[in-house]
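Residue numbers (the UniProt record's numbering), protein chains in the order written: chain A, 1 to 624; chain B, 1 to 236.
The C-beta atom is built at its ideal place from N, Cα and C for all residues, glycine as well.
This one's a predicted model, so the numbers in the text were calculated from it and none came from an experiment.
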Amino acid sequence: MREDNLEMSENVERYLQLDPRSAAISQPPSSSSSAAAFVSPANKSRNCNSPCPDHVLENVLENVLQFLTSKCDRNAVSLVCKSWWRVEAQTRFEVFIGNCYSLSPDRLTHRFKRVRSLVLKGKPRFADFNLMPPNWGAQFAPWVAATAKAYPWLEKVHLKRMFVTDDDLALLAESFPGFKELTLVCCEGFGTSGIAIVANKCRQLKVLDLIESEVTDGEVDWISCFPEGETQLKSLSFDCVDSSINFKALEGLVVRSPFLEKLRTNRFVSLDELHRLMVRAPQLTSLGTGSFSPEDVSQGEQEPDYAAAFRACKSLVCLSGFKEFTPEYLPAISPVCANLTSLNFSYANISPDMLKPIIRNCHNIRVFWALDSICDEGLQAVAATCKELRELRVFPFDPREDSEGPISEVGFQAISEGCRKLESILYFCQRMTNGALTAMSENCPDLTVFRLCIMGRHRPDHVTGKPMDEGFGAIVKNCKKLTRLAVSGLLTDEAFSYIGEYGKLIRTLTVGFAGDSDMALRYVLEGCPKLQKLEIRDSPFGDVGLRSGMHRYYNMRFLWMSSCTLSRGGCRDVAHDLSNVVVEVFGSDDDDDDDFTRDYVETLYMYRSLDGPRKDAPKFVTIL
Amino acid sequence: MINFEATELRLGLPGGNHGGDMAGKSNGKRGFSETVDLKLNLSSTSMDSVTKVDLENMKEKVVKPPAKAQVVGWPPVRSFRKNVMSGQKPTTGEAVEGAADKTSGSSGDTSSASAGAVAYVKVSMDGAPYLRKIDLKLYKTYQDLSDALSKMFSSFTTGNYGPQGMKDFMNESKLIDLLNGSDYVPTYEDKDGDWMLVGDVPWEMFVDSCKRIRIMKGSEAIGLAPRALEKCKNSS
Chain A
1 MREDNLEMSE
11 NVERYLQLDP
21 RSAAISQPPS
31 SSSSAAAFVS
41 PANKSRNCNS
51 PCPDHVLENV
61 LENVLQFLTS
71 KCDRNAVSLV
81 CKSWWRVEAQ
91 TRFEVFIGNC
101 YSLSPDRLTH
111 RFKRVRSLVL
121 KGKPRFADFN
131 LMPPNWGAQF
141 APWVAATAKA
151 YPWLEKVHLK
161 RMFVTDDDLA
171 LLAESFPGFK
181 ELTLVCCEGF
191 GTSGIAIVAN
201 KCRQLKVLDL
211 IESEVTDGEV
221 DWISCFPEGE
231 TQLKSLSFDC
241 VDSSINFKAL
251 EGLVVRSPFL
261 EKLRTNRFVS
271 LDELHRLMVR
281 APQLTSLGTG
291 SFSPEDVSQG
301 EQEPDYAAAF
311 RACKSLVCLS
321 GFKEFTPEYL
331 PAISPVCANL
341 TSLNFSYANI
351 SPDMLKPIIR
361 NCHNIRVFWA
371 LDSICDEGLQ
381 AVAATCKELR
391 ELRVFPFDPR
401 EDSEGPISEV
411 GFQAISEGCR
421 KLESILYFCQ
431 RMTNGALTAM
441 SENCPDLTVF
451 RLCIMGRHRP
461 DHVTGKPMDE
471 GFGAIVKNCK
481 KLTRLAVSGL
491 LTDEAFSYIG
501 EYGKLIRTLT
511 VGFAGDSDMA
521 LRYVLEGCPK
531 LQKLEIRDSP
541 FGDVGLRSGM
551 HRYYNMRFLW
561 MSSCTLSRGG
571 CRDVAHDLSN
581 VVVEVFGSDD
591 DDDDDFTRDY
601 VETLYMYRSL
611 DGPRKDAPKF
621 VTIL
Chain B
1 MINFEATELR
11 LGLPGGNHGG
21 DMAGKSNGKR
31 GFSETVDLKL
41 NLSSTSMDSV
51 TKVDLENMKE
61 KVVKPPAKAQ
71 VVGWPPVRSF
81 RKNVMSGQKP
91 TTGEAVEGAA
101 DKTSGSSGDT
111 SSASAGAVAY
121 VKVSMDGAPY
131 LRKIDLKLYK
141 TYQDLSDALS
151 KMFSSFTTGN
161 YGPQGMKDFM
171 NESKLIDLLN
181 GSDYVPTYED
191 KDGDWMLVGD
201 VPWEMFVDSC
211 KRIRIMKGSE
221 AIGLAPRALE
231 KCKNSS
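This is how it looks when you write it as C-alpha cells:
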C-alpha cells in the first residue's frame, strides 16, 4: 500500500484554482508569445521592487526546489507567490493526477515544462466490480499525444484504471527515447502487440510492470521482441498476461538482464521452468512463481532440486504467484521463509495444514495475502509467528454472497492479538462480531487502512444479533491514524454518526448496503474534513443527503453513488450550484434510459474539474 | 424520501442465520436483500393467508435453500481474481461446494460467463425510487421470481402485491380483478420489444425472452390484458 505517497494529495488542479493570485496563470495561455512571457524569468514578478534580486532569487529557488519531492510540499510552495509558482512549475519532475478528468492534458503541459514522470488514474474503483458500463472513458490517448509533444524526455508512466490501446503504447515507445518505466495497473484496451512494441523500442527500459490488467492475446511473441544484448531491466511483471510465452526467449532475456531484481511470471511458466530462471538469476529480490506446478511429472528422471534454487536466492524477500500450485512442492520455498517480507498466497487454495509448516518460519513477514482457505486455524498460525505483520489481506476462495465462509471473527481476533503492528487489513468473511472489531481497534492502534467485507449483505453480529455499529465505532474511535475505511454488515445511521465524529483523518470511505437514511450520509459529509473519495452503493441515501455535502465536493476527488435513491432533479440542482464540479449520471448498461426511469439515477459519479465537462463522454453518460 | 414502514414478519427456522434480517430491525426503507430461502416476507394484511402448505414448502426449502439473488459486483472481488480462482478445485472439499461452478452468475461479469449462464434484467416498479437488477437464471419458477420481487419491493407495496404470485394470472377472473384493482402487476419487455404480462409463457421461454421487468399498477396494465386473457382461455 503506497497510500503515503498519495497522502494529502492536494492535487495539482486544486492549487491551480484556489489561489486567486495564480488565477491569471491558471488559464492556459492562448498564444505562444504569452506562453513565452509566462515562463521567462524576465517576466518580473509584480510583487518585487527591483528586477535584479528577483532574477537571482529565482535561480536560487530553482536550485533549492529541486530537492523538494513531496507533492504536498510542492503544492504549498507554489502558493507563495507568482514567482514561486513559476519556479516550482519548472522544477516539478513528477506529476500525480488522481483523476484524469480533473484537468485537460493541455493544462498539464502548459504549467509544467519539465515533467519526467507521470502518474495518472482514470476510472473510479467501483468500475472494477462491473458497476460501470464498458467504454466509459479514461483513455490514455489524449495524454500520450500531449506529453509526446511536450516532454520528449519523459521517463516514467504509471497508469491505473486507464484505457490504453496498442496504438497508445506504440506512440509512447516512439516518442520517448529515454523511456525507463511503464507500470499499468488495472488497465485494459491493449494486448501483447502493444507490449511487444514497448519491449522492442524502449532501449532504456528498466521497469515493465503489468499488474491486474486485461491484456488481450495478440498472439505476439513479445518476450522475443526485447533487443539483443544486455538490458537495463530491473523489474518485469507479467503475471496478469494470460497467454503462453516463449520460455526460451524468457530464459535468454533473464540471462542478459544482470540488473533484474523483480520477476513475476504468469501461470504458463511451470515449476521446472521457474527453476531454470531462478538458477540464472539468484540475485532476484521479488519472484512471481507462475503456476508452481511441474510441467510433466516424469517418473524416472531426476527432478530439479527446487529447494536448492530457493536457497540460492539469498536476496529473495517477496514471493507471489502459486497460481496452479501442486501442494507437494510448496515446502521448496522453506529456505527463503525466514527472509521473506512479503508473501502472496492469494491465488492458491492453501489449507491450514499446508500453511502451518511454511508460515512457522516467516518471522519477518510484513505483508501477507491469502485466501480464506487457510481458515481461522491458519490465521492463528500467522498470528503466532508473524509479529512484524503490517498488511494482511484475506480473499474469499468462493466469492459468493451465500458461500460458507471458512473464516470468522476467531481468526480476525487472533490476528489482532498476535500482530500488534498491523497497519492495513482487508478481510472477507461471513461471520463477524462487534467484540472482535473492538478488540482489533484496541490491539492495533497503528491501523491506517481498515476494510472489512462481510459478504452476506446486512449481516449483524452473529453472536448478539445486533448491528455492527459498535464495532466500526470502536475502529474509528480508537484507530486514530485511520485514513481508509470500508464498512459492511448490518449498519444503522449510528455507525455513520461514529464515522463522522471520529473519522477525522479518513480520506477514502467505501459504503455498501448500509445505513437507514440521509442522516448517515450527512454525518459523514459534515464530519470528515479530510474525505477525498466517497464511494457508496445500494444505500438509502437521496437528494437531501447529497445536498448536505455541497460545501465539500470541490475539495474531494470524487463522489460515487450507485443504486441509491437519488433523483435526476436533485443531481441537476447540485450540478447547477457547483460550477467546478462535473456531475455524471449513467446506468449500469450502455442502453439508453427508459422513459419511466428517467427520474431515477442509477449511478452518480461526480468530481471536480478545472476544465469543465469532458468531451469524450459516451452516449449513455449524461453530464448534468 | 419515501418512507414506508412495512411490518415485516419473519418465520425463521432454527439454526438459520442467513442474511441480516434476524435482527428484527424494521428495514422498511431498505428492502434490498432478496432472501428467498428461509424467510416468508409477509405484511400484516396477508398474514392470514399463510397456510400449512406454505410451511411445509418452507421446510422443504431448509433441506436445500436456493441461492440468494446475486447482486452485480458483490462481494467486491475483481473478476480478474475470480477468474483465476474459478479454475481451482477445493483441496479439502469441505465447504466449498459450488465453488467449481463458476457460471453461477457470481462474477456479474457477463463477458466471462458462458452463454446463458446469467440473465440479468432490470426490474423497476412504478413510483419506486430505485430499480434493481436480478439474475433470472437463479429462479426456477414464476413463484420463485414472485417471492423475490415481492421481497425486493416489499417496503413499497405494503402487501398489495400479494403472496400468491403470478400463477393467479392464469386464472381469468382473478386476472381481471387484479387488473382492475390497484394491485401491482409485473410486466416485461420481450426480445421483440413488446410489453407482456409476466406469466404469459412457459418459464424457460420467459427467461430467454425477457429483457426487462416493470411492475406497474394493475389499472395501467389493462392494455396488455387481451393477450393474457387469450392465453387463459386457451389453457382452460
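- Here residue 148(B) is buried, its C-beta having at least 16 other C-beta atoms within 10 Å.
- Residue-level contact by beta carbon fails for residue 198(B) and chain A, as no gap is shorter than 9 angstroms.
- Here the alpha carbon of residue 63(A) sits roughly 23 angstroms from the alpha carbon of residue 150(A).
- Residue 363(A) carries a coil assignment under DSSP once its states are collapsed to helix, strand and coil.
- Contact check for residue 509(A) against residue 484(A) passes: the beta carbons are separated by less than 9 angstroms.
- In the DSSP annotation of this structure, the continuous segment of the alpha helix (DSSP H) that includes residue 274(A) starts and ends at 271-280.
- In the three-state DSSP reduction, residue 83(A) falls in the helix class (H, G or I).
- Where residue 603(A) is concerned, the enclosing beta strand (DSSP E) starts and stops at 603-608.
- With 16 or more neighbouring CB atoms inside 10 Å of its own CB, residue 226(A) falls in the buried class.
- DSSP, reduced to helix, strand and coil, places residue 211(A) within a strand of the structure shown.
- Runs of the beta strand (DSSP E) lying entirely within the segment 224-251 of chain A, each at least 3 residues long, are 235-237 in chain order.
- Under the three-pair Cβ rule at 8 angstroms, the segment 284-295 of chain A counts as touching the segment 253-269 of chain A.
- For residue 75(B), the C-beta contacts it makes with chain A under 7 angstroms involve 396, 399, 401, 428, 453, 455, in order along the chain.
- Contacts with chain B at 9 angstroms (Cβ-Cβ) include residue 347(A).
- Nearest CB-CB separation between residue 296(A) and chain B: not below the 9 angstroms threshold.
- Among the residues of the segment 125-159 of chain A, those with a Cβ less than 8 angstroms away from any Cβ of chain B are 126, 128, 129, 130, 131, in the order of the chain.
- With its beta carbon less than 9 angstroms from one in chain B, residue 538(A) belongs to the interface.
- The beta carbon of residue 497(A) does not come within 9 angstroms of any beta carbon belonging to chain B, so the residue lies off that interface.
- Taking C-beta separations shorter than 7 angstroms and ignoring five residues to either side along the sequence, the partners of residue 230(A) in its chain run 256, 258, following chain order.
- Residue 538(A) holds the alpha-carbon nearest to the alpha-carbon of residue 511(A) among 58(A), 600(A), 538(A).
- Closest in alpha carbon position to residue 209(B), among 220(B), 188(B), 77(B), is 188(B).
- Where residue 143(A) is concerned, the enclosing alpha helix (DSSP H) starts and stops at 141-150.
- Assigned with DSSP and collapsed to three states, residue 327(A) falls in helix.
- Within chain B, no residue has its CB atom less than 9 angstroms from the CB of residue 409(A), the nearest being about 14 angstroms off.
- With contacts defined as CB atoms closer than 9 angstroms, residue 438(A) and residue 469(A) fail to qualify as a contacting pair.
- In the structure shown, the three-state DSSP call for residue 286(A) is strand.
- Exclusion of the five residues before and after residue 536(A) leaves 511, 561 as the residues of its chain whose Cβ lies within less than 6 angstroms of its Cβ.
- Between residue 620(A) and chain B, the shortest Cβ-Cβ separation is not below 9 angstroms.
- For residue 306(A), the enclosing alpha helix (DSSP H) starts and ends at 306-312.
- Looking at the DSSP output, residue 623(A) shares a beta bridge with 584(A).
- About 6 angstroms separates the beta carbon of residue 271(A) from that of residue 293(A), a gap short enough to meet the 8 angstroms contact definition.
- When Cβ-Cβ separations below 9 angstroms define contact, residue 82(B) makes contact with chain A.
- Just so you know, the alpha carbons of residue 77(B) and residue 61(A) end up roughly 48 angstroms apart.
- In the DSSP assignment, residue 125(B) falls outside any alpha helix (DSSP H) and lies within the beta strand (DSSP E) extending over 120-125.
- Residue state for residue 349(A) is assigned as coil, using DSSP reduced to three classes.
- With respect to chain B, the C-beta atom of residue 526(A) has no partner C-beta closer than 9 angstroms.
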